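Step one of this worksheet: look at the structure below.
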Amino acid sequence: MRARREFRNRRDIEVAVLDALVDRHDEGMTVFELRAAVDADIDTIEEALSALKDEGLIVVEEADTGVLIHADERVVPDPSEAVEEDASLFERLRERFGL
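Residues 7 to 105 (my numbering) are what the sequence shown spells out, left to right.
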């Protein structure tokens with residue numbers, strides 16, 4: 007699952023982290039699980055997490071197993087919402103020129 011469209015206008019790494027967290031929003035993820043899900047080094051992920059936390063887009067909680075990170079509820083799309091996929095360049099050109 008992908009983060010809501012209004013939260014996707016940010017650095018690629020931040021979007022990737024949000025998407026991974028939204029995909030597992032019920033159970034949350036550890037930093038190491040995020041590292042496995044996102045193609046970036048740990049320092050870059052920590053920078054992204056810091057920026058997302060400052061903006062209130064993630065929630066960090068202590069659990070018995072360690073620290074879990076969750077996407078904020080407003081970032082998670084409602085399952086009943088129609089998820090719009092970004093149109094490819096080809097699809098946009100085809101619509102523009104009526105092909």
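Cβ coordinates follow ideal geometry from the N, Cα and C atoms, glycine included. What you are looking at is a predicted structure, and each value in this text was computed from that prediction instead of being measured.
Practice task
Mark I48 as exposed unless 16 or more other C-beta atoms lie within 10 angstroms of its C-beta, in which case mark it buried.
Solution key: exposed
Problem - C-alpha distance - E97 paired with R10, whole-angstrom precision - result: 21 Å
Practice task
Look at V81 and L24 and say whether their C-beta atoms are less than 9 Å apart.
Solution key: yes
Practice task
Tell me whether V28 sits in a helix, a strand or coil according to DSSP, three-state version.
Solution key: helix
Practice task
State the Cα-Cα distance for the pair D18 and E61, rounded to the nearest angstrom.
Solution key: 16 Å
Handout entry: Residue range of the unbroken alpha helix (DSSP H) whose run includes V37
Key = 37-43
Practice task
Determine the contact status of I75 and T36, defining contact as a CB-CB distance below 9 Å.
Solution key: yes
Exercise for the section: Note down the Cα distance separating E53 from E20, rounded to an integer number of angstroms. Expected result: 9 Å
Problem - Whole-angstrom C-beta distance between A57 and V44, which should lie under 8 Å - result: At roughly 14 Å, the Cβ-Cβ gap does not stay under 8 Å, so V44 and A57 are not in contact.
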